[in-house]
Amino acid sequence: MQCFEVTGGARLAGRVRVTGAKNSALKLMAAALLAPGRSTIDEVPDILDVAIMSEVLRRLGCGVSYERVPGSGGGRLTIDVPDAPSTETDYDLVRRMRASISVLGPLVARCGSARVALPGGDAIGSRGLDMHISGLERLGATIVSEHGFLVATAPRLTGTSIWLDFPSVGATENLVMAAVLATGITVVDNAAREPEIVDLCRMLGEMGARIDGAGTSTITVEGVDSLQPVEYTTVPDRIVAGTWAIGAVMTRGDVVIERGVAEHLTVALDKLTDAGAVVEALPGGIRVAMEGRPRCVDVVTLPFPGFPTDLQPMAVALAAVSTGTALITENVFEGRFMFVNELVRLGADVRIDGHHAVVRGRERFSSAPVLATDIRAGAGLVLAGLCSDGVTEVQDVHHVDRGYPDFVDQLVGLGAVVRRTERPG
Ligand code: UD1
Numbered sequence: 085m086q087c088f089e090v091t092g093g094a095r096l097a098g099r100v101r102v103t104g105a106k107n108s109a110l111k112l113m114a115a116a117l118l119a120p121g122r123s124t125i126d127e128v129p130d131i132l133d134v135a136i137m138s139e140v141l142r143r144l145g146c147g148v149s150y151e152r153v154p155g156s157g158g159g160r161l162t163i164d165v166p167d168a169p170s171t172e173t174d175y176d177l178v179r180r181m182r183a184s185i186s187v188l189g190p191l192v193a194r195c196g197s198a199r200v201a202l203p204g205g206d207a208i209g210s211r212g213l214d215m216h217i218s219g220l221e222r223l224g225a226t227i228v229s230e231h232g233f234l235v236a237t238a239p240r241l242t243g244t245s246i247w248l249d250f251p252s253v254g255a256t257e258n259l260v261m262a263a264v265l266a267t268g269i270t271v272v273d274n275a276a277r278e279p280e281i282v283d284l285c286r287m288l289g290e291m292g293a294r295i296d297g298a299g300t301s302t303i304t305v306e307g308v309d310s311l312q313p314v315e316y317t318t319v320p321d322r323i324v325a326g327t328w329a330i331g332a333v334m335t336r337g338d339v340v341i342e343r344g345v346a347e348h349l350t351v352a353l354d355k356l357t358d359a360g361a362v363v364e365a366l367p368g369g370i371r372v373a374m375e376g377r378p379r380c381v382d383v384v385t386l387p388f389p390g391f392p393t394d395l396q397p398m399a400v401a402l403a404a405v406s407t408g409t410a411l412i413t414e415n416v417f418e419g420r421f422m423f424v425n426e427l428v429r430l431g432a433d434v435r436i437d438g439h440h441a442v443v444r445g446r447e448r449f450s451s452a453p454v455l456a457t458d459i460r461a462g463a464g465l466v467l468a469g470l471c472s473d474g475v476t477e478v479q480d481v482h483h484v485d486r487g488y489p490d491f492v493d494q495l496v497g498l499g500a501v502v503r504r505t506e507r508p509g
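The sequence shown begins at 85 in the numbering used here and counts up one residue at a time.
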């Protein structure tokens, strides 16, 4: 089992660079399937999920290679897509990562059929696929679930109007990727507005797709007959940027987050200002500095542009070392407070009631061994460890590695004392 040994008392200070967003890069990789030929994607984070998605694409017949750019956290991914990709995904690979469901839309659109294993992913609550399925059915696909696979067939998808019950990121992405090669016009209403959706639509646009309204609740797609491969650069990771921003405030530090985009984090940065931090949007990044102990601020997670659910564990950790009491409300994933038990081991005063957490701040955490239960919870526990009175061992950090390339090196670069260790699992 891989662990991080995090020594408390550090003040994060200096510059840190953010590479491309995991949650975008994985979808851009799926989108490459829509055009035969060689696509290249830059600023792809060097993380396990990218390696898993690369393997998913290889099993579909693509040639995939990754060239790391030293010191950047990311690199260039080259994907060679065959004229006729395979349409069956590997069961064990797909089960390891939820984002692999995003090959469903492109495969049905391009090949007329797909057999995709029901995906796995983080333990943060039940994660339905009903909107992916009903949307594809409205586009004319027939979908059945058999032996752990979703099997979709559609000789040709036909444009239609789709109203999502909830602005699901994954469903919006899958449906847009399916609609770009459908006949006629598709309108996705109550679409997700995340920067990663805008990024995907921009790449699809450069491949020749006709898409209007990305970044709004109504996305209109006019289907085309074929798309071309592309050279594209992934949008910076706002969740990693937000993690550094919250880390700077928790440790009363001063961090310049290179390539951080302030407009992608408006609500989160506003909360940090309310907590007492100095937040500056710079030309190529964001500076976050904090003197003294932060004040508690209430947080409500919502789809973009609301406070991101992926930063909720860090928000709870921040409140736990702030003055006063905060009410943190989770509206996106019902299981996302599961990590709080681990934070409580560090002495946090948190009471959960349904999808609310009442957090009473204390001066610092009390170090203890804790378990990373998912990517973001793990990052939140590392930040908590930095504010503890000893050495906190965060166990099972393979989760953290799924979202944060070079996390230990970057923490050390900012002045923290953190090291990776291994112990029998
Ligand atoms: C993506 C991100 C994840 C982030 C989330 C919300 C990736 C790889 N992951 O996940 O990090 O936390 O957006 O910003 O990009 N739902 C249904 N039925 C569906 C689809 C979703 O009930 O068909 C529910 C989910 O269970 C969840 C909520 O809708 O409760 C939001 O899910 P969604 O926006 O789809 O998140 P993901 O795309 O899975």
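Virtual Cβ for every residue (Gly too), placed ideally from N, Cα, C. Source: prediction; values computed, not measured.
Contact annotation: Pro489 and Pro129 have beta-carbon atoms nearer than 7 Å. The beta carbon of Met215 sits closer than 6 Å to those of Leu248, Ser252 and Ala255, all from its chain and outside the five residues before and after it, given in chain order. Look at Ala116: its beta carbon is at least 6 Å from all of the heavy atoms in the ligand UD1. Where Cys285 is concerned, the enclosing alpha helix (DSSP H) starts and stops at Pro279 to Glu290. Arg379 is the residue among Val140, Ala401, Arg379 and Val384 whose C-alpha sits nearest the C-alpha of Thr407. In the structure shown, Arg142 adopts helical secondary structure according to DSSP, grouped into three states.
Closer than 6 Å to some heavy atom of the ligand UD1: that does not describe the Cβ of Val400.
Fewer than three beta-carbon pairs drawn from the stretch 328-342 and the stretch 302-317 are found closer than 8 Å, and the two stretches are therefore not classed as touching. Gln494 carries a helical assignment under DSSP once its states are collapsed to helix, strand and coil.
Per DSSP, Ala352 is one residue of the alpha helix (DSSP H) stretching across Thr350 to Asp358. Between the alpha carbons of Thr304 and Leu288 lies a distance of about 13 Å.
Within its own chain, the residues whose Cβ lies closer than 8 Å to the Cβ of Pro120, once the five positions on either side in sequence are excluded, are Val165, Pro166, Asp167 and Pro313, listed in chain order. Put simply, the backbone Cα of Arg448 is about 10 Å away from that of Leu402. The secondary-structure analysis by DSSP pairs Gly462 with nothing; it has no beta-bridge partner.
For the set Leu498, Asp321, Pro320 and Val200, the Cα lying nearest the Cα of Gly337 is the one of Leu498. Shown here for Ala373: same chain residues with a beta carbon closer than 6 Å to its own, the five before and five after excluded, namely Asp338 and Val362 in chain order. Taking a contact to require three or more Cβ pairs closer than 8 Å, the stretch 110-119 and the stretch 89-97 do not qualify as touching. When C-alpha distances from Met137 are compared across Phe417, Leu177 and Ser218, the shortest belongs to Leu177. Here Ala114 is not near Val200, since their CB atoms are 7 Å or more apart.
Between Glu426 and Leu455, the C-beta gap is smaller than 7 Å, which places the two residues in contact.
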